[in-house]
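3 is the number of the first residue of the sequence shown in the numbering used here; add one for each residue after it.
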Amino acid sequence: MHDAVPFPRSAVALALLAVVLGRGVAQALPGTFTGIDGAIEVVELSGAICSQLAAGLLTALAVRSAAFLLFTQTRRPMLTVATALTSGAVATMTLLAALLTHNQLATQWSVLLAGSVIVVLAWSGAQALARPVSRAAGLIAIGAAVAATLHTLGRVTALEAADRASVLGFGVARGLASAGSVVELGSIVGALVWLLSPRHTKLRASGSLLLALVPALALGATRDQGWGLVVGRTLEQLSSHPDPMLPTFVRNVIELTAIATAALCAMTTSRAAGPLMAVGLCMLGRASADIPLGSVFLLNAALALQLMPAEPDRAPLEELPTS
């Protein structure tokens, strides 16, 4: 696995920085404090650097993984070949389109992008169910694909409702987003159970510490001043749109728990690297298959599952000689 996908935990860590710093804090910090213009510029520059690095390096990683899957694996099923070709093409075209349009893709291209990524992720998750070492990660990937489908449909419905000034259409969009959030929550809980099930003292201690911070940060995000305002704006930037029909506290808990789960995937060594990479990237891209950076996360998650080594065949038992 290390030869097929190099530095899997580093990829999750870089993706986590790009999401939290680039999409979250850098967008939320302006207008919160006075006299910190220099700090805001530093944070914005750091966020932009992390986002560009994540986009470029993870796109290159997806193309490399697709080539590895296509040219080095023996007895490849046709669907596996199709997965590799689709992943490499979508990753390359997504990066080029994002660069040319300054990350503002047309609706038709976003829907096509999301559909391709979701199909690849769902297929890879279904394939992973056949291998015990990656079965849990496969279930989580399928959950992320379902959540991504619901959120993409919600955004498309919201755009159509805005064009037609339809209150009913916007209500349907929020309903789809709410269903996507419920599926997200189930996937996040499943990922945490899978991560924390080994009796690993340091892992459980780190997980407990991170999870203990979730309700405190979620409550602090409801404040209208100070760092609570920064946290609240950051979570608002990271949460899915249109807003699901869920209380703000619940939406904040979902986002913070997903971030904590991705951080655990980047830190732990108690599980195989391939499933850890897949689960971590699914946590970060689960609601953004139609966004260039999120789609690249989910493509890499799908390819990490595809590149998991097959279970070795058990040697047949030798018959005992009869006396």
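Just so you know, even glycine gets a beta-carbon here, dropped at the ideal spot from N, CA and C.
Are the beta-carbon atoms belonging to residue 128 and residue 301 less than 8 Å from one another? By 1-based counting over the sequence shown, the position of residue 128 is 126. By 1-based counting over the sequence shown, the position of residue 301 is 299. No. Outside cutoff.
Measuring alpha carbon to alpha carbon, tell me which residue in 48, 115 and 193 is nearest residue 266. Reading the sequence shown from its first residue, position 264 is the one you call residue 266. It is 193.
Closest by C-alpha distance to residue 293, when choosing among 178, 252, 120 and 134: Start at 1 with the first residue of the sequence shown, and residue 293 comes out as number 291. The residue with the shortest Cα to Cα distance from residue 293 is 120.
Residue interval of the alpha helix (DSSP H) (run including residue 144): Stepping through the sequence shown from its first residue, residue 144 is reached at position 142. Unbroken alpha helix (DSSP H) run through residue 144: 137-166.
Does the segment 264-282 touch the segment 129-144, meaning 3 or more C-beta pairs lie closer than 8 Å? yes
CB contact below 8 Å: residue 131 versus chain B: The chain inventory of the structure shown lacks chain B, comprising one protein chain alone.
Just how far apart, CA to CA, sit residue 4 and residue 55? As a working mapping, residue 4 is identified with position 2 in the sequence shown. As a working mapping, residue 55 is identified with position 53 in the sequence shown. Reliability of the predicted coordinates at residue 4 is poor, the pLDDT of 42 falling under 50, and no value is obtained from them.
For residue 66, name the three-state secondary structure that DSSP assigns. Along the sequence shown, one-based indexing puts residue 66 at 64. It is helical.
Alpha helix (DSSP H) segment containing residue 244, residue limits: As a working mapping, residue 244 is identified with position 242 in the sequence shown. Taken as a continuous stretch (DSSP letters only), residue 244 belongs to no alpha helix (DSSP H), as it is neither H nor E.
Can you tell which of 159, 182, 14 and 173 has the C-alpha that lies nearest to the C-alpha of residue 147? The residue you call residue 147 lines up with position 145 of the sequence shown. When only C-alpha atoms are compared, the closest one is 182.
Just tell me which of 268, 255 and 297 has its CA closest to the CA of residue 15. Counting from 1 along the sequence shown, the entry for residue 15 is found at position 13. When only C-alpha atoms are compared, the closest one is 268.
In whole angstroms, what separates the C-alpha of residue 199 from that of residue 209? The residue labelled residue 199 in the question sits at position 197 within the sequence shown. The residue labelled residue 209 in the question sits at position 207 within the sequence shown. Straight-line Cα distance between these residues: approximately 11 Å.
Is the segment 35-50 in contact with the segment 278-287, if contact means three or more CB pairs nearer than 8 Å? no
DSSP three-state call for residue 256: helix, strand or coil? For the purposes of this step, residue 256 is taken as the residue at position 254 of the sequence shown. Three-state result, residue 256: helix.
Cβ contact (3+ pairs, closer than 8 Å) linking the segment 235-253 and the segment 174-181: yes
Can you check whether the CB of residue 142 is closer than 8 Å to the CB of residue 189? Counting from one through the sequence shown, the residue named residue 189 turns up at place 187. Counting from one through the sequence shown, the residue named residue 142 turns up at place 140. Yes, they are a contact pair.
Boundaries (first-last residue) of the alpha helix (DSSP H) holding residue 227: Translated into positions along the sequence shown, residue 227 becomes position 225. Neither: residue 227 is in no alpha helix (DSSP H) and is coded neither H nor E.
With 16 other CB atoms within 10 Å as the buried threshold, where does residue 8 fall? Within the sequence shown, residue 8 is the residue found at index 6, counting from 1. The residue in question, residue 8, is exposed, as its Cβ has fewer than 16 Cβ neighbours within 10 Å.
Here's the rule: buried if 16 or more other CB atoms are within 10 angstroms of the residue's CB, otherwise exposed. What is residue 134? On the sequence shown, residue 134 is found 132 positions in, with the first residue counted as 1. It counts as exposed.
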